[in-house]
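Reviewing the structure listed below.
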Amino acid sequence: MYSPNESSSVLLRLVVRLLHYFLSLTCITWRPSDHELTPLAVGCQVPPEYILVVPHPNSGRQPYRISLDGEPLEAPSSRSRPHESSFKAATSHSQKPWFPFPSLADFSFTRSTVRHGLHAAEIDNDLRELHNVWTKPGGSNVTLNNHRDRDKYLAIARKMHGMPFERITLEDKFMDKTCTFTFDYRDPWEWLKLIFTDKTLADFIVYHSERKYYCWSDGSRVRLFDEPNTGTAWGEIDDELTCDERFSHIFAALHVWIDEGMVTRHLTKQPVLLRNLNLPSSIFNGSGNGGSFFLGLLSKIKYDGDWKQLSELQQLEFGRFRRVMEQKLLDAPLGKLRKRSHDGEGLRCSDNEIRVLHPGILIESFDAKQAAQCTCTRGHMANHPCPMCNVDVSQLREINRDDYEARTSKMMAGIFGEANKHGTKTALEQILKDYGMHNVKLFLWEHRFSDPYRAYRYDKLHSCDEGIWGKHLYELLLKVLAHFGRTTDFTQKYPSIDNVPRWSGLKHFKNVVGDKIHEGNGYMDILRNSKLVHCVRACLELCMMQSMDVMSGYEDDAAGQAARTARRPSRLAKAEEFRRDYQAACDRHPDGKIKKTFAFLKQHLLNHALNDIREAGALRNFSTRLGEGFHQELSELFRLTNKRDADEQIDRHDMDREAVAHMETAIQAYWDACKV
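In short: position in the sequence shown from 1, add 708, done, that's our numbering.
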């Protein structure tokens, strides 16, 4: 008989094993928390299934195993952190974390006004009510009297916790007319230093790549891909970095997001956001401390005149002029990383260790239009439209090939230099056209670990949800229904989409055929409910499988071959199967009165999706979906301005939010430390 404690332990292990079995059936991967990551003790019995983590050799850490049955393979205390508690370190100073505000109540009131975007008159009214109506005279802990008091302390907080903006002004001539462009930006290197020295983030930063495996006791295993540092691209960079006996050289991985959006009905802006991938996705995809960093607002460069009066040649020349200017504007902030990417720069990190940081861009999250703009390729109408490879337009429908010539910085820079050696403009343009290039030099060609073509990753929102499904398959469905006169019948007799049981995040449509959808998330909600033809079904399967938060795949080593032979589950292999199924379904689309070609760029981009997962982790790491919310935030910031010189005011309001978020994290760390 078991004792009560032994019985509860046995029951717990049984429940955990049953849960793990259920998760394996439903394709959901067990994701243990950090305290379960424990090394395997010498002589310990190897469990039937476990996760093996192999840190990169440069890290100096040993491989360790993660138990899946709830029992640690060794006492958790054996794996101590190499640095002191971040909470204790973050609060070791005598100054209160709500400084410069006189009291915590003053900071709390200011935080509320910043979050809700209150104007000066609203702040004054609230303070007047607070001191004279809501509390007895002198009974409030808030010492602020008006918005000027708040602004005074907030200005000090911006200097302490915010990062100032710099301005670059460029002048150049187009058709004998001087054009002036400005860009207010912040220094990305200064932001990176704040991230790596922030005591409250010390427990979360990863300094090296690692390989994760799901292992079985027979020696077979599949590799797991989730966070960016589990991908092969980061591992290749770590292989290239020098092993220094004195200092560790590490890759400071960056994520760049740029997207054109409407601030108002008549004002378009391109916000530029950075994320640091050395932090977990749960942090770098957020908006708090360690989350996305607002680099600046890139204004759209337009022709100041009547566009229709320009000849075709002049329009092409202005296109080149615009790209050259955009490259120069982006080079202003990101160019500060150029020398450091090659030579590195030493920094004492939050764990008090000195490391040499090499910054580089691992992920670019753009839609296809923005990708063509930033890589200076010729876009979806060109003979070679892909920003990642040199595929010919006639091969865009073939999505299961791996023999397309990949673009690289070295290759494109070489072609650019060779083309510009030719004496005639006609010969130069023909060479560049053969590679889908514009006659523009990219500033990232001179950066290390920042290949602009390889860093551009598959974006599910614009390529699949809004592209393949929203702009192609969904439109095809509507044409088929209209052709057979069944649009009304579909809406009236089959209202199944509106009747689907509700769950979090799913929209319902009363008239799914008649309602116009204008954004990728709406198309995604329809796709979740669709019972359509094989082509749509195959698209749905592929879309969902490649979107899993943890992906698994076979390796070419003996353990990987054993897993393949034993038919161990591999999500990448399953996604490849679904992709072949989708290709076959597209090929079977019948000819008739309703024609449909699948030779378009976003169809071809599926060819790169699974490789991007292998290189940089799960699709969530490079989806533009999370950044879309910044457009709404930008509109809210614009509302706070007087609509004149709005960029400078938006920058200041964003710095206010950043300072408040940083102080809020420090205050929470302070209270947590007080509890210890």
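All C-beta atoms in this analysis are idealised placements derived from N, C-alpha and C, irrespective of residue type, glycine included.
Residue range of the beta strand (DSSP E) that includes residue i
| i | result |
| --- | --- |
| Asn1390 | Nothing about residue 1390 can be read from this structure; the chain reaches only from 709 to 1384. |
| His1170 | His1170 -> no beta strand (DSSP E), and no H or E assigned at all. |
| Trp1153 | First-last for Trp1153: undefined, no H or E at that position. |
| Ser1007 | Phe1001 to Ser1007 |
| Gly1261 | Met1259 to Gly1261 |
| Tyr758 | Glu757 to Pro763 |
| Ile945 | Here Ile945 belongs to no beta strand (DSSP E); instead the alpha helix (DSSP H) covers Thr940 to Glu948. |
Assigned exposure category for residue i - 16 Cβ within 10 Å defines buried
| i | result |
| --- | --- |
| Asn1060 | exposed |
| Asp1075 | buried |
| Trp965 | buried |
| Leu1024 | exposed |
| Ala1190 | exposed |
| Ile1062 | exposed |
| Cys1247 | buried |
| Glu935 | buried |
| Thr1134 | exposed |
| Pro1093 | buried |
| Thr1332 | buried |
| Gln1391 | Absent from the structure is residue 1391, since the part of the chain shown begins at 709 and ends at 1384. |
| Leu962 | buried |
| Lys1047 | exposed |
| Ala1127 | buried |
| Trp1015 | exposed |
| Gly1337 | exposed |
| Asn1393 | Limits of the chain in this structure are 709 at one end and 1384 at the other, which puts residue 1393 out of reach. |
| Met883 | exposed |
| Gln803 | exposed |
| Pro805 | buried |
| Pro1277 | exposed |
| His764 | buried |
| Asn849 | exposed |
| Asn937 | buried |
Continuous alpha helix (DSSP H) stretch holding residue i: start and end
| i | result |
| --- | --- |
| Arg1275 | Element bounds for Arg1275: n/a, residue is neither H nor E. |
| Val1244 | His1242 to Met1253 |
| Trp897 | Pro896 to Thr905 |
| Lys1036 | Glu1020 to Leu1042 |
| Leu1189 | Tyr1182 to His1191 |
| Arg1162 | Pro1160 to Ala1163 |
| Ile913 | Premise fails: Ile913 is in no alpha helix (DSSP H) and is neither H nor E. |
| Gly1337 | Gly1337 to Arg1347 |
| His869 | His855 to His869 |
| Lys1304 | Premise fails: Lys1304 is in no alpha helix (DSSP H) and is neither H nor E. |
| Lys1179 | Looking at the DSSP string, Lys1179 is not in any alpha helix (DSSP H), and its letter there is neither H nor E. |
| Lys1047 | Arg1046 to Asp1051 |
| Phe992 | Ser989 to Phe992 |
Residues bridged to residue i (per DSSP)
| i | result |
| --- | --- |
| Trp965 | Leu981 and Ser1073 |
| Asp880 | Cys887 |
| Met1145 | Thr1085 |
| Arg931 | Tyr921 and Gly1261 |
| Asp892 | Arg875 |
| Pro1067 | Ala960 |
| Arg1056 | Ile1062 |
| Cys1097 | Ala1114 |
| Cys1382 | BP columns for Cys1382 are empty, so no partner. |
| Cys951 | Ser956 |
Residue i Cβ short of 8 Å to the ligand ATP heavy atom set
| i | result |
| --- | --- |
| Leu1024 | Absence of the ligand ATP from the depicted structure is noted, as is the absence of any ligand whatsoever, leaving it without description. |
Quick check: the segment 910 to 923 against the segment 1300 to 1319, are there 3 or more CB pairs under 8 Å? no
Counting Cβ pairs closer than 8 Å, one from the segment 806 to 816 and one from the segment 835 to 842, do we hit at least three? no
Entirely enclosed alpha helix (DSSP H) segments - the segment 808 to 851, minimum 4 residues: 812 to 823 and 828 to 837
Spell out a yes or no on whether the segment 830 to 837 and the segment 887 to 897 are touching, meaning 3 or more CB-CB pairs, one atom from each, closer than 8 Å. no
Mind the definition here: the segment 1252 to 1268 touches the segment 1320 to 1339 only if three or more C-beta pairs lie below 8 Å; say whether that holds. Judged by Cβ distances under 8 Å, the segment 1252 to 1268 makes contact with the segment 1320 to 1339, as three or more pairs qualify.
Tell me, please, whether the segment 1038 to 1047 touches the segment 925 to 933 by the rule of three or more beta-carbon pairs shorter than 8 Å. no
Between the segment 1082 to 1099 and the segment 1109 to 1124, do at least 3 Cβ pairs fall closer than 8 Å? Short answer: they touch.
Can you find at least 3 beta carbon pairs, one from the segment 1101 to 1112 and one from the segment 1151 to 1170, that sit closer than 8 Å? no
Using a Cβ distance threshold of 8 Å, determine whether the segment 850 to 861 contacts the segment 1350 to 1358, with at least three qualifying pairs required. Taking one beta carbon from each stretch, the segment 850 to 861 and the segment 1350 to 1358 have fewer than 3 pairs nearer than 8 Å; the two do not touch.
Determine contact between the segment 867 to 874 and the segment 1362 to 1373, defined as no fewer than three beta-carbon pairs at a distance below 8 Å. yes
I want to know whether the segment 1340 to 1350 touches the segment 818 to 827 - three or more CB-CB distances under 8 Å. yes
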